[in-house]
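If you read the sequences in order, they're chains A and B. Taking this note's numbering, the leading residue of the first sequence gets 1, the next gets one more, and so forth. Taking this note's numbering, the leading residue of the second sequence gets 1001, the next gets one more, and so forth. Cβ atoms here follow ideal geometry from the backbone N, Cα and C, with glycine treated the same way. Model, not experiment: these values are computed from the prediction. Okay, so here's the structure we're looking at.
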Amino acid sequence: MTDPIVSATTFKWFLILITGGVSALWFVYDVVNLIRSRHLDRSVGMNRDKQFGYAMGIVIASVGVIGALKFQGVI
Amino acid sequence: MEAAAQVTTPPRVVSPWNPANAVTASRFITLPFFFIAVAHGEHQWATLWMGICGVLDKLDGAVAKLFNCKSAFGELFDAIADGACYGFGLIVVAAYGWAPWIPVISIIFLGLANTAMRAVYVKRAGRTTNYKSYAMERLVAYTGYLIGFATGQFEVTYFYWVFVPLMLVIVLHDAKRMLIDPPPGATP
């Protein structure tokens, strides 16, 4: 456990993909979830929690995409 | 015939010594290796060990489904393992100067508050049950990433400081459900 596993460039791209890529997929996943849940009965606590969770998922995924773009110097 | 119809199947008892809980427990094995990697300044190895810990977190649910050994204890044990592993990881990266202390302390404080509220929720529900929060599930995944951001030196300041207000909003939202709203199955 003394040598790096991969080169610095490969490691950098791994981090960008694992963060930006997963965040982008997560963003789409929770947008779809939120759209599908719009007809749920909001008087039920669990349904309200689902919608809140999906909305927060979209925010968190956006944070991930922005972070990956910042690391790349795009933003 | 009628008597036979009235016979109900007894609730299935799941032993705590099951494959899913073994996977959850195995997450703790990664922590000493993670600590050694951070202590020796090995960023990539530290990322790898925390990555394995995160993958095992995702795997235990799948194993529980595969072996049909899902239980309330297993869900609680998973939540405890999340807190212990990610709490340990955050303290280690902050101690070695890889992450800012103020957000780390805030995150650990909010995490402890959330755990205390879960205990109150279990008491109110009157049975061993796990509080399910869709928002918190997403935030826990972000927490796993937080340690990876520190080990990879990946926009650390940005990710850590953005995390704190997000966690505050979610903890406040869940606090209302856990402390005020009636637990599911409770008589009004």
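In whole angstroms, give me the CA-to-CA distance for residue i and residue j.
i, j, result
"aspartate 1057(B)", "aspartate 1174(B)", "22 Å"
"valine 1013(B)", "phenylalanine 11(A)", "46 Å"
"proline 1188(B)", "leucine 1090(B)", "With a pLDDT of 48 at proline 1188(B), under the threshold of 50, the modelled position of this residue cannot be trusted, and the question is left open."
"tryptophan 13(A)", "serine 62(A)", "19 Å"
"aspartate 962(B)", "lysine 70(A)", "Only positions 1001 to 1188 of chain B appear in the structure, and residue 962(B) is not among them; the question remains open."
"threonine 1024(B)", "proline 1100(B)", "28 Å"
"serine 1133(B)", "leucine 1059(B)", "19 Å"
"tyrosine 1121(B)", "tyrosine 1131(B)", "7 Å"
"glutamine 1110(B)", "glutamine 72(A)", "The sequence as given places leucine at residue 1110(B); glutamine does not occur at that position. Using only the alpha carbons, I get a separation of about 31 Å."
"lysine 1070(B)", "tyrosine 1086(B)", "23 Å"
"alanine 1150(B)", "threonine 1047(B)", "9 Å"
"methionine 46(A)", "leucine 15(A)", "34 Å"
"tyrosine 1142(B)", "histidine 39(A)", "28 Å"
"isoleucine 5(A)", "phenylalanine 1035(B)", "17 Å"
"methionine 1001(B)", "aspartate 1181(B)", "In this predicted model, methionine 1001(B) has a pLDDT of only 48, less than 50, meaning its place in the structure is not dependable; the value taken from the coordinates is given anyway. Cα-Cα distance, rounded: 42 Å."
"serine 23(A)", "leucine 1179(B)", "32 Å"
Over the uninterrupted alpha helix (DSSP H) stretch that includes residue i, give me the two end residues.
i, result
"glutamate 1155(B)", "Per DSSP, glutamate 1155(B) belongs to no alpha helix (DSSP H) and is neither H nor E."
"leucine 1076(B)", "1072-1095"
"histidine 1192(B)", "Residue 1192(B) is absent from the model: chain B starts at 1001 and stops at 1188."
"alanine 1116(B)", "1101-1125"
"serine 62(A)", "45-72"
"tyrosine 29(A)", "22-36"
"lysine 1132(B)", "Note, lysine 1132(B): premise wrong, no alpha helix (DSSP H); not H, not E."
"isoleucine 1029(B)", "1019-1039"
"tryptophan 13(A)", "8-16"
From this set, the options, which residue's C-alpha is nearest residue i's C-alpha?
i, options, result
"isoleucine 60(A)", "Arg1177(B), Pro1183(B), Leu1166(B) and Ile1102(B)", "Leu1166(B)"
"leucine 1168(B)", "Ile1052(B), Trp1049(B) and Ile1107(B)", "Ile1107(B)"
"leucine 34(A)", "Val22(A), Gly53(A) and Leu25(A)", "Gly53(A)"
"valine 74(A)", "Glu1155(B), Lys1176(B), Pro1182(B) and Tyr1160(B)", "Glu1155(B)"
"phenylalanine 1028(B)", "Val1063(B), Ser1071(B), Ala1072(B) and Ile1080(B)", "Ile1080(B)"
"proline 1183(B)", "Val1038(B), Tyr1142(B) and Arg1124(B)", "Arg1124(B)"
"alanine 1062(B)", "Phe1034(B), Ala1037(B), Pro1019(B) and Ala1094(B)", "Pro1019(B)"
"tyrosine 1160(B)", "Pro1103(B), Gly1144(B) and Arg1118(B)", "Pro1103(B)"
"glycine 1148(B)", "Ser1015(B), Asp1082(B), His1043(B) and Phe1033(B)", "His1043(B)"
"asparagine 1114(B)", "Gly1097(B), Met1050(B) and Ala1135(B)", "Ala1135(B)"
"threonine 19(A)", "Gly1152(B), Leu1172(B) and Thr1157(B)", "Gly1152(B)"
"aspartate 30(A)", "Gln51(A), Val44(A), Ser43(A) and Asp41(A)", "Gln51(A)"
What do you get for residue i, buried or exposed, if any count of 16 or more other CB atoms within 10 angstroms of its CB means buried?
i, result
"histidine 1040(B)", "exposed"
"tryptophan 1017(B)", "exposed"
"phenylalanine 1067(B)", "exposed"
"leucine 1139(B)", "buried"
"tyrosine 1112(B)", "Sequence check: residue 1112(B) is leucine here, not tyrosine. Label assigned to leucine 1112(B): exposed."
"valine 1162(B)", "buried"
"glycine 21(A)", "exposed"
"isoleucine 1170(B)", "buried"
"alanine 1094(B)", "buried"
"arginine 1177(B)", "buried"
"alanine 8(A)", "exposed"
"glutamate 1075(B)", "buried"
"alanine 1037(B)", "buried"
"alanine 1022(B)", "exposed"
In chain A, what lies closer than 8 Å to residue i by C-beta?
i, result
"arginine 1177(B)", "Gly45 and Asp49"
"isoleucine 1170(B)", "Met56"
"tyrosine 1121(B)", "The contacting residues do not exist; tyrosine 1121(B) stays about 13 Å from chain A at best."
Strictly below 7 Å CB to CB, what residues from chain A border residue i?
i, result
"arginine 1138(B)", "Gly53, Met56, Gly57 and Ile60"
"arginine 1158(B)", "First, the residue type needs correcting, since residue 1158(B) is tyrosine and not arginine in the sequence shown. Correct list: Gly67 and Lys70."
"alanine 1135(B)", "Phe52, Gly53 and Met56"
Could you name the residues of chain A that residue i contacts, counting a contact when the two beta carbons are closer than 9 Å?
i, result
"leucine 1166(B)", "Met56, Val59, Ile60 and Val63"
"aspartate 1181(B)", "Gly45"
Run down chain B in chain order and give the residues with a C-beta less than 8 Å from the C-beta of residue i.
i, result
"isoleucine 5(A)", "Gln1044, Trp1045 and Leu1048"
"glycine 20(A)", "Result: empty, since nearest Cβ-Cβ is about 10 Å, beyond 8 Å."
Could you list which residues in chain B have their beta carbon closer than 9 Å to that of residue i, in chain order?
i, result
"isoleucine 27(A)", "Looking at the sequence shown, residue 27(A) is not isoleucine but phenylalanine. Neighbours of phenylalanine 27(A) on chain B: none; closest Cβ ~11 Å, over 9 Å."
Using a Cβ cut-off of 7 Å, pull out every chain B residue sitting near residue i, in sequence order please.
i, result
"leucine 15(A)", "Gly1152 and Phe1154"
Cβ-heavy atom distance between residue i and the ligand COA below 8 Å?
i, result
"lysine 1176(B)", "Absence of the ligand COA is noted for the structure shown, with no ligands found whatsoever."
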